[in-house]
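Novice: Residue numbers (my numbering): 12 to 423.
Where a beta carbon is used, it is the ideal one built from N, C-alpha and C, also for glycine.
Since the structure is predicted, the reported quantities are computational estimates derived from the model, not experimental observations.
Mind having a look at this structure? Questions to follow.
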Amino acid sequence: MNYYIIVAGLVFLAAIFGYINVRFFKLPTTIGLMLITILYTFGVLGLSVIDDTLLLAEAKLIRQIDFETVLMDYMLSFLLFAGALHTNFQELKAQRWPIIAFATIGVVVSTFLIGTSTYYLMQLLGLQISYIYCLLFGAIISPTDPIAVLGILKKANAPKKLEIKIVGESLFNDGVGVVLFLTLFTIASAEGESVNPGEIAKLFGLEVFGGLLLGLVIGWITFRLLKSIDDFSIEVIITLAAVMVGTVAAHEIHVSAPLAMVVAGLLVGHDRVRGTAMSATTELYVDKFWELIDILLNAVLFVLIGMEMLILTYQANYIFAGLLAIPIILACRYASLWLPVRVFEKRLDFVPHTDKIMTWGGLRGGISIALALSLSAEMNREMFLVMTYIVVVFSILVQGLTIEKVIKRLLP
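Shown next, in the form of structure tokens:
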């Protein structure tokens with residue numbers, strides 16, 4: 012099956028499921044597409060009892076898609092750039108220190124808390140899993156997903172100060188989380204061999220700071236090009252080229268493409284850049300173009316996530332471990348937010364119950380599934396993939412559907 016047929020099939024399903032959601036369900040796009048895809052998948056599984064032709068065809072389609080590569084190497088850069096482009100830079104700047112703390116210290120603390128808790132959970136379940144592999148699971152599930160968060164928060168009516176913290180954290184902790192995962196993956200892959208802490212620190216530093224620096228360079232070059240002309244069609248193409256070439260450059264020099272795209276998007280979307288480099292027409296077309304890209308890729312992504320159910324390895328102990336992991340992960344996220352919130356809440360006039368709302372509003376999504384798919388078989392890939400999938404589905408469907416009610420109850 013060629014790539015065009017695969018893409019056509021995914022876009023077709025995204026269009027049909029999106030129509031059903033808008034016409035009947037009227038849920039936020041992320042939640043609606045995920046729910047409808049899961050219901051569709053259950054329908055395919057149920058039909059397979061009578062005739063498994065459709066199930067085999069769907070499973071074959073999904074197995075031909077390298078989810079990890081598609082999301083991490085292609086889709087993620089576009090989605091993060093689009094999300095950052097529409098984020099208010101001034102509001103983000105005002106909350107920069109807590110956002111940095113959440114996205115760095117919070118992710119590292121959460122990774123080790125979840126990893127350690129998971130290790131002891133496995134012991135209780137009689138599963139002998141290496142501690143480093145449990146830490147990898149912590150790194151997989153700790154970052155909140157900006158793709159899931161951005162779409163749902165728009166309809167949750169969260170206070171602006173709180174919304175910018177959650178959005179800002181999700182934009183940056185995604186890049187940090189991926190780098191942390193790669194660092195732990197390097198250690199896990201070298202298990203039994205000597206691991207040089209200096210090399211690990213160097214890898215982490217280069218990925219993070221190199222990505223931030225590359226993003227600044229890409230954003231500045233894009234700004235200069237936009238400022239020198241006034242043609243909305245070419246300027247839209249320039250922003251598209253910035254993301255595509257920037258992603259290739261990040262992969263070639265081994266720095267974090269997600270962080271680079273976030274920084275580039277924030278710079279291009281900055282009010283001062285918009286005011287000096289874009290006409291009103293250009294600004295409108297750039298915003299609408301990236302909004303459409305965001306919606307299309309989101310739709311395809313969450314259809315893909317739902318359809319991954321067809322190729323999971325279902326074992327009772329995997330499912331049980333995933334269900335038990337949900338409250339553990341929520342408790343660890345709350346604990347990882349506690350210190351940064353206490354440090355900054357009085358100085359920056361935090362909304363009451365910020366830590367509780369951020370705990371429930373920290374959704375997981377496609378990035379966690381992509382990272383889980385990149386595990387090798389000896390790292391207990393199938394078990395951690397099922398656990399990750401259960402956490403992601405709960406996060407999007409349960410937390411996503413109830414976050415607005417949680418906000419209203421805590422902030423009357």
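Could you tell me which of Ala260, Met86, His281 and Val274 sits nearest to Ala310, measuring between CA atoms?
Specialist: Position 299 of the sequence shown holds residue 310. For the residues Ala260, Met86, His281 and Val274, the minimum Cα distance to Ala310 belongs to Met86.
Novice: So, is Asn168 buried or exposed, given that buried needs 16 or more other C-beta atoms within 10 angstroms?
Specialist: Within the sequence shown, the letter at position 157 stands for residue 168. Exposed, since its Cβ has fewer than 16 Cβ neighbours within 10 Å.
Novice: In angstroms with no decimal places, state the Cα-to-Cα distance between Thr399 and Thr370.
Specialist: Here the question's residue 399 lines up with position 388 in the sequence shown. Here the question's residue 370 lines up with position 359 in the sequence shown. The alpha-carbon atoms of Thr399 and Thr370 are separated by roughly 17 angstroms.
Novice: Can you tell which of Leu236, Phe243 and Ser267 has the C-alpha that lies nearest to the C-alpha of Leu223?
Specialist: Locating residue 223 in the sequence shown gives position 212, where the first residue counts as 1. Residue Ser267 is the option with its Cα nearest to Leu223.
Novice: Please tell me whether Leu303 has its Cβ less than 8 angstroms away from any Cβ of chain D.
Specialist: Structure shown: chain D not included; a single protein chain is present.
Novice: Counting only the same chain and skipping the five closest in sequence on each side, list residues whose C-beta sits under 6 angstroms from that of Phe405.
Specialist: As a working note, residue 405 is residue 394 in the sequence shown. So the list reads Ile337, once near-sequence residues are dropped.
Novice: What is the DSSP secondary structure of Ala167, counted as helix, strand or coil?
Specialist: Within the sequence shown, residue 167 is the residue found at index 156, counting from 1. In this structure, Ala167 counts as coil in the three-state DSSP scheme.
Novice: Considering only residues of the same chain and omitting the five flanking positions on each side of Tyr142, which have a CB-CB separation below 6 angstroms?
Specialist: The sequence position of residue 142 within the sequence shown is 131, counting from 1. So the list reads Tyr130, once near-sequence residues are dropped.
Novice: Evaluate Ile340 with the Cβ neighbour count: other Cβ atoms within 10 Å of its Cβ, from every protein chain shown; 16 or more gives buried, anything less gives exposed.
Specialist: As a position in the sequence shown, residue 340 is number 329, starting the count at 1. Looking at its Cβ environment, which holds 16 or more other Cβ atoms inside 10 Å, Ile340 is buried.
Novice: With burial defined as no fewer than 16 other Cβ atoms inside 10 Å of the residue's Cβ, what is the status of Tyr51: buried or exposed?
Specialist: Translated into the one-based positions of the sequence shown, residue 51 becomes position 40. When all chains shown are included, Tyr51 counts as buried.
Novice: So, at 7 angstroms on beta carbons, what are the nonlocal neighbours of Thr122 in its own chain, with the 5 sequence-adjacent residues on each side left out?
Specialist: Translated into positions along the sequence shown, residue 122 becomes position 111. Closer than 7 angstroms at the Cβ level, and outside the excluded window around Thr122, lie Leu146, Gly149, Ala150, Ser153 and Leu191.
Novice: Can you name, in chain order, every residue of its own chain whose Cβ lies under 6 angstroms from the Cβ of Leu278, other than the five neighbours on each side?
Specialist: Taking the sequence shown and counting its residues from 1, the one referred to as residue 278 is at position 267. Closer than 6 angstroms at Cβ, skipping near neighbours: Gly230.
Novice: Hey, out of Arg375, Gly373 and Val397, whose CA is closest to Leu384's CA?
Specialist: Mapped onto the sequence shown, residue 384 falls at position 373. That would be Val397, whose Cα lies nearest to the Cα of Leu384.
Novice: Taking only three categories from DSSP, how would you classify Ala95?
Specialist: Locating residue 95 in the sequence shown gives position 84, counting from the first residue. In the structure shown, Ala95 sits in a helix (DSSP, three-state: H, G or I).
Novice: Using the rule of at least 16 other Cβ atoms within 10 Å of the residue's Cβ for burial, across every protein chain shown, is Asp176 buried or exposed?
Specialist: By one-based count along the sequence shown, residue 176 stands at place 165. In the sequence as displayed, the identity of residue 176 is Lys instead of Asp. With 16 or more other Cβ atoms within 10 Å, it is buried.
Novice: Go ahead and pull the three-state DSSP assignment for Gly137.
Specialist: The residue you call residue 137 lines up with position 126 of the sequence shown. Three-state DSSP puts Gly137 in coil, outside helix and strand.
Novice: Take the Cβ of Pro109 as the centre, count every other Cβ of all protein chains shown within 10 Å, and call the residue buried at 16 or more, exposed below.
Specialist: Taking the sequence shown and counting its residues from 1, the one referred to as residue 109 is at position 98. Pro109 is buried by the Cβ-count criterion.
Novice: Does the pairing of the segment 71 to 78 with the segment 316 to 328 give three or more beta-carbon distances under 8 angstroms?
Specialist: Judged by Cβ distances under 8 angstroms, the segment 71 to 78 makes contact with the segment 316 to 328, as three or more pairs qualify.
Novice: I need the boundaries of the alpha helix (DSSP H) containing Glu393, first residue and last residue.
Specialist: The count along the sequence shown starts at 1 and reaches residue 393 at position 382. Per DSSP, Glu393 belongs to the alpha helix (DSSP H) from Arg392 to Val404.
Novice: Using 8 angstroms as the threshold, is the C-beta distance between Leu321 and Leu66 below it?
Specialist: What you label residue 321 is simply residue 310 of the sequence shown in a count that begins at 1. What you label residue 66 is simply residue 55 of the sequence shown in a count that begins at 1. In contact: Leu321 and Leu66 (Cβ atoms closer than 8 angstroms).
Novice: Out of Gly43, Pro170 and Gln139, which has the shortest C-alpha to C-alpha gap to Pro423?
Specialist: Within the sequence shown, residue 423 is the residue found at index 412, counting from 1. Looking at the Cα atoms, Pro170 is the closest of the given residues.
Novice: Could you tell me which of Val402, Glu389, Lys357 and Phe355 sits nearest to Ile493, measuring between CA atoms?
Specialist: Absent from the structure is residue 493, since the part of the chain shown begins at 12 and ends at 423.
Novice: Once you ignore the five residues that flank Glu356 on each side, which residues in its own chain have a CB closer than 7 angstroms to its CB?
Specialist: Sequence index remark: in the sequence shown, residue 356 carries index 345 (1-based). Same-chain partners within the cutoff: Thr365.
Novice: DSSP three-state call for Val362: helix, strand or coil?
Specialist: As a first step, residue 362 must be located in the sequence shown, where it is residue number 351. Val362 falls in the coil class under three-state DSSP.
Novice: Below 8 angstroms on the Cβ atoms is my contact criterion, and I expect Glu389 with Thr324 to pass it. Report the Cβ-Cβ distance as a whole number of Å.
Specialist: In the sequence shown, residue 389 corresponds to position 378, counting from 1. In the sequence shown, residue 324 corresponds to position 313, counting from 1. Contact flag wrong, Cβ pair sits at about 15 angstroms.
Novice: I need the DSSP call for Tyr30, collapsed to helix, strand or coil.
Specialist: Against the sequence shown, residue 30 aligns to sequence position 19. Helix at Tyr30.
Novice: Using the beta-carbon count (16 or more within 10 Å), is Pro208 buried or exposed?
Specialist: For the purposes of this step, residue 208 is taken as residue 197 along the sequence shown, with counting starting at 1. Classification for Pro208: exposed.
Novice: At what residues does the alpha helix (DSSP H) containing Leu321 begin and finish?
Specialist: For the purposes of this step, residue 321 is taken as residue 310 along the sequence shown, with counting starting at 1. Element bounds for Leu321: n/a, residue is neither H nor E.
Novice: Please report how far the alpha carbon of Asp252 lies from the alpha carbon of Lys213, in whole angstroms.
Specialist: Taking the sequence shown and counting its residues from 1, one reaches residue 252 at position 241. Taking the sequence shown and counting its residues from 1, one reaches residue 213 at position 202. A small fix is needed here, since residue 252 is Ala in this sequence, not Asp. Between Ala252 and Lys213, the C-alpha separation is close to 30 angstroms.
Novice: Compute the Euclidean distance between the alpha carbons of Glu263 and Gly117, then round it to the nearest angstrom.
Specialist: Looking up residue 263 in the sequence shown gives position 252. Looking up residue 117 in the sequence shown gives position 106. Their Cα atoms are separated by approximately 29 angstroms.
Novice: With a Cβ-Cβ cutoff of 8 angstroms, do Thr233 and Ile249 count as a contact?
Specialist: Sequence index remark: in the sequence shown, residue 233 carries index 222 (1-based). Sequence index remark: in the sequence shown, residue 249 carries index 238 (1-based). Their beta carbons are under 8 angstroms apart, which means Thr233 touches Ile249 by this criterion.
Novice: Throw me the rounded Cβ distance for the Gly94 and Pro157 pair, which I believe falls under 8 angstroms.
Specialist: Stepping through the sequence shown from its first residue, residue 94 is reached at position 83. Stepping through the sequence shown from its first residue, residue 157 is reached at position 146. Between Pro157 and Gly94 the Cβ distance is about 5 angstroms, and since that is below 8 angstroms, they are a contact.
Novice: On the three-state DSSP scale, how would you describe Gln75?
Specialist: The sequence position of residue 75 within the sequence shown is 64, counting from 1. Coil, per DSSP.
Novice: Nearest to Leu303 by alpha carbon, out of Thr413, Leu90, Gly188 and Ile111?
Specialist: Within the sequence shown, residue 303 is the residue found at index 292, counting from 1. The shortest Cα separation from Leu303 among Thr413, Leu90, Gly188 and Ile111 belongs to Leu90.
Novice: Hey, how far is the Cα of Ala346 from the Cα of Glu294?
Specialist: The sequence position of residue 346 within the sequence shown is 335, counting from 1. The sequence position of residue 294 within the sequence shown is 283, counting from 1. Distance between the alpha carbons of Ala346 and Glu294: 41 angstroms.
Novice: Which of the three DSSP states, helix, strand or coil, is assigned to Thr155?
Specialist: One-based indexing of the sequence shown puts residue 155 at position 144. DSSP places Thr155 in coil when its eight states are reduced to three.
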